[in-house]
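Chains as they are written, first to last, in the working numbering: chain A, 1 to 341; chain B, 1001 to 1341. Worksheet for the structure shown next.
There are 2 protein chains.
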Amino acid sequence: MNKTRITPTLHDVAAKAGVSTATVSRCLNFPDRVTERTRNKVMAAVKVLGYSPNFGAKVMAARRTNTIGAIIPTMENAIFARGLQAFQEELRQHGFTMLVASTSYSADIEAEQIRALVGRGADALLLIGHDRDPDIYEFLETQGVPSLVTWAFDPNETRPSVGFDNRAAMQSMATEVLRLGHKKVALISAMTARNDRALERCKGIQDAMVLAGQPTEDLKIIETPYGIEEGADAFKLLMQAPEKPTAVFCGNDVLAVGALRQARDMGIRVPDDVSIIGFDDIELAQIAYPPLTTVHVPHREMGQRAAIALAAMVTDGVPLKSIELSTHPVFRGTLGPVCAK
Amino acid sequence: MNKTRITPTLHDVAAKAGVSTATVSRCLNFPDRVTERTRNKVMAAVKVLGYSPNFGAKVMAARRTNTIGAIIPTMENAIFARGLQAFQEELRQHGFTMLVASTSYSADIEAEQIRALVGRGADALLLIGHDRDPDIYEFLETQGVPSLVTWAFDPNETRPSVGFDNRAAMQSMATEVLRLGHKKVALISAMTARNDRALERCKGIQDAMVLAGQPTEDLKIIETPYGIEEGADAFKLLMQAPEKPTAVFCGNDVLAVGALRQARDMGIRVPDDVSIIGFDDIELAQIAYPPLTTVHVPHREMGQRAAIALAAMVTDGVPLKSIELSTHPVFRGTLGPVCAK
DNA sequence: TTTTAAAATGCAAGCGTTTACATATTCGAT
DNA sequence: ATCGAATATGTAAACGCTTGCATTTTAAAA
């Protein structure tokens, strides 16, 4: 019997150690269910043979992959990076591996990626935002794959999420801005189709306006895809209009930073001529000049909490519960009072 | 026979369609090896049952995971994000999924992550930089997992890489800087232990100095971990010394941007009092104020080429070949001539 | 010692695919 | 119609592991 096998299997280890495959398996997975003597023998064999378990076989037999998928709009910009990094680190502590896929902000690609990750046996999924085709949720349901939404917390949603209330967060910032006397305000928003986060942020501003007794029609909105350049272009458009705003909200820091650059290029002083407000408080915000006034989001905590919840769910069946995280406006250099020209 | 199975299997589909499992399998994997009639029947059954193949079983039977692992120092900052995004997008085109793991710049964690990814059945690995414990390469070898190094291209290395020559890239930038008359130069470097990229960049500056007839001892070096704050701190140290440099190189843009912020905080004018030079040309570089002079690296192309090479290797056994990408200095606002105080 | 419960180990049945190989079907040429 | 080659389909054996259950060993109690 000339075994020309390349990589050793459980069998080989078992044979070498003079025990059964079951024992080797237990020894590897539940070391304390095995005598020390046996364990030593087995471990020695494992070492000698250079054995390492076959993932596929393991998955199939255990019906678990210990993999959790995360589907984000993009890795390219910093917005999700920090939260994701924390998510991964925490997951790792619990013995899980993270699988990331990105959608480039396309609902279709997202659906595809979700299927792909489920197909790869992800034990659970981390999703950004609530708003997606019901079919997707149904699919997840029938496949028995639990999912957790993050980057959003909506009191009205039943589905579990670990995140923050985008609307309330933006409202509290907007309230401060309006208090400074800004009447002509604009918003450079991310695309709101299938993006509840963007939509909620927009509503938050309107909420604040209503509260301040200002007609919401005064809010001029430009929707644009994600990116620094896009933010710059939108800002240009805004400032070329006859009625220039005195404060420009941006759906996120990346857009804001683009707007800021454009202001510089156009010779518009910030915050003297116009205030610019971001959202997220990513590193960019502090580096920008002037440093960006923005809404701070606890990205790392969010990632970490999501990981803990998901791990508990998969490992011990602990049902997913929603967790609301708090945000707060941080005032830096780009926000100022309205100044009479 | 009351099948209370949650998810349908190949068997169920086969039964429903009235064919064998083999046919279903072929139908799914090689649609053209099956009659149209049969295919329709099968596809219908697949649809009705909501079948989706079991990853583990597939892996085990096919001995391939179609997964390629990428191990990077960190996701948190933008340096690797762009390249990784491109890597993933390209991989996807070829039917592969990317698995990311991050090491927090720790060699130990890297080793662990490599083992973890191999354990999960990664068909190949993407690694950053050449410099790591030979044991790791040996491990990869015995496991038969091909690996490709990126973010570096070293003419002296035999292992395949898709990247750029860090040393030459930095040298060409340094040459320009020296030409501007800078004599007192400093470098805020990333930690060079097990980081050939950092080390090579450092050497590149020294090369330029030698060529310019300047003693390399004139280069004052501070090594610091990765981060904006770290860059700021290092810069502070440098500028508090009796002999202040007139030009400060930074191992990467993140450090540079930290230095830049610190300069602003200290009231040091850039580039009038001191020039600051980055490396990578990430988005941050354009947003910084003044915009950062830095070395442009074709991150997206790098990720893309790496993906293509790896996919070809795994799919068709095309041996990995090294590819050198070119970089170039980009001059923006933070570099100026030495100015007599 | 003997008895008994608990702990350790072994046995063997899956887990859901893929893929040689065997068998059946189709179709064009005779 | 008949035959053969080509094409389509079916059969069944892996693939390497986990785990419920049966069996053996160990250790504590009597």
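Yeah, the Cβ is synthetic: ideal placement off N, Cα and C, and Gly gets one too.
DSSP three-state call for residue i: helix, strand or coil?
i: residue 1325/B; result: coil
i: residue 58/A; result: helix
i: residue 25/A; result: helix
i: residue 71/A; result: strand
i: residue 335/A; result: coil
i: residue 98/A; result: strand
i: residue 1306/B; result: helix
i: residue 124/A; result: strand
i: residue 1293/B; result: strand
i: residue 1148/B; result: strand
i: residue 1172/B; result: helix
i: residue 164/A; result: strand
i: residue 1343/B; result: Not covered by the structure: residue 1343/B. The range shown for chain B is 1001 to 1341.
i: residue 105/A; result: coil
i: residue 1019/B; result: coil
i: residue 130/A; result: coil
i: residue 1079/B; result: helix
i: residue 235/A; result: helix
i: residue 1063/B; result: coil
i: residue 950/B; result: The structure shown does not extend to residue 950/B, since chain B is modelled only from 1001 to 1341, so the question has no answer here.
i: residue 1317/B; result: coil
i: residue 244/A; result: coil
i: residue 8/A; result: coil
i: residue 1217/B; result: helix
i: residue 1142/B; result: helix
i: residue 1299/B; result: helix
Have a look at the options and flag the residue whose alpha-carbon is nearest the alpha-carbon of residue i.
i: residue 52/A; options: 305/A, 64/A, 13/A; result: 13/A
i: residue 227/A; options: 253/A, 215/A, 219/A; result: 253/A
i: residue 1100/B; options: 107/A, 275/A, 68/A; result: 68/A
i: residue 70/A; options: 259/A, 232/A, 121/A, 168/A; result: 121/A
i: residue 1309/B; options: 1322/B, 1085/B, 1238/B, 1236/B; result: 1322/B
i: residue 1313/B; options: 1011/B, 1096/B, 1179/B; result: 1096/B
i: residue 327/A; options: 140/A, 62/A, 27/A, 201/A; result: 201/A
i: residue 279/A; options: 130/A, 257/A, 207/A; result: 257/A
i: residue 152/A; options: 304/A, 336/A, 297/A, 335/A; result: 297/A
i: residue 342/A; options: 138/A, 235/A, 130/A; result: No statement about residue 342/A is possible, as the shown extent of chain A runs from 1 to 341 and does not include it.
i: residue 1251/B; options: 1174/B, 1132/B, 1305/B, 1289/B; result: 1174/B
i: residue 288/A; options: 104/A, 334/A, 61/A, 245/A; result: 334/A
i: residue 1009/B; options: 1034/B, 1035/B, 1033/B, 1055/B; result: 1055/B
i: residue 1324/B; options: 1339/B, 1198/B, 1291/B, 1306/B; result: 1306/B
i: residue 1171/B; options: 1015/B, 1106/B, 1206/B, 1235/B; result: 1206/B
For residue i, count neighbouring Cβ atoms within 10 angstroms of its own Cβ and tell me buried if that reaches 16, exposed if not.
i: residue 240/A; result: exposed
i: residue 1064/B; result: exposed
i: residue 30/A; result: exposed
i: residue 261/A; result: buried
i: residue 1329/B; result: buried
i: residue 1281/B; result: buried
i: residue 211/A; result: exposed
i: residue 230/A; result: buried
i: residue 424/A; result: This structure cannot speak to residue 424/A, because chain A is shown only from 1 to 341.
i: residue 93/A; result: exposed
i: residue 336/A; result: buried
i: residue 23/A; result: buried
i: residue 11/A; result: exposed
i: residue 1007/B; result: exposed
i: residue 4/A; result: Low local confidence applies: a pLDDT of 38 at residue 4/A is under 50, so the model's placement there is unreliable, with the coordinate-based value given in what follows. Exposed, because fewer than 16 other Cβ atoms sit within 10 Å of the Cβ of residue 4/A.
i: residue 196/A; result: buried
i: residue 27/A; result: buried
i: residue 1275/B; result: buried
Starting from residue i, follow its DSSP beta bridges and name the residues at the other end.
i: residue 278/A; result: Per DSSP, none; premise fails for residue 278/A.
i: residue 1249/B; result: 1187/B, 1277/B
i: residue 1224/B; result: 1190/B
**Report entry** Cβ contact (3+ pairs, closer than 8 Å) linking the stretch 263-277 of chain A and the stretch 80-95 of chain A
**Finding:** With a cut-off of 8 Å, the stretch 80-95 of chain A and the stretch 263-277 of chain A do not count as touching, because too few Cβ pairs lie within range.
Requested in this report: Could you say if the stretch 1269-1282 of chain B and the stretch 1114-1128 of chain B meet the contact criterion of at least three C-beta pairs nearer than 8 Å?
Outcome: No: the two stretches stay apart, fewer than three of their Cβ pairs being nearer than 8 Å.
Query raised in the report: How do the stretch 185-195 of chain A and the stretch 213-223 of chain A stand: do at least 3 beta-carbon pairs fall below 8 Å, yes or no?
Result: Yes, the stretch 185-195 of chain A touches the stretch 213-223 of chain A.
Query raised in the report: Would you say the stretch 33-51 of chain A touches the stretch 1025-1045 of chain B, given that touching needs at least three Cβ pairs under 8 Å?
Result: Cβ pair count under 8 Å is below three, so no.
Query raised in the report: Are the stretch 1156-1173 of chain B and the stretch 1312-1326 of chain B touching by the rule of at least three beta carbon pairs closer than 8 Å?
Result: Short answer: they touch.
Requested in this report: Examine the Cβ distances between the stretch 70-84 of chain A and the stretch 1075-1085 of chain B and report whether three or more of them are shorter than 8 Å.
Outcome: Short answer: they touch.
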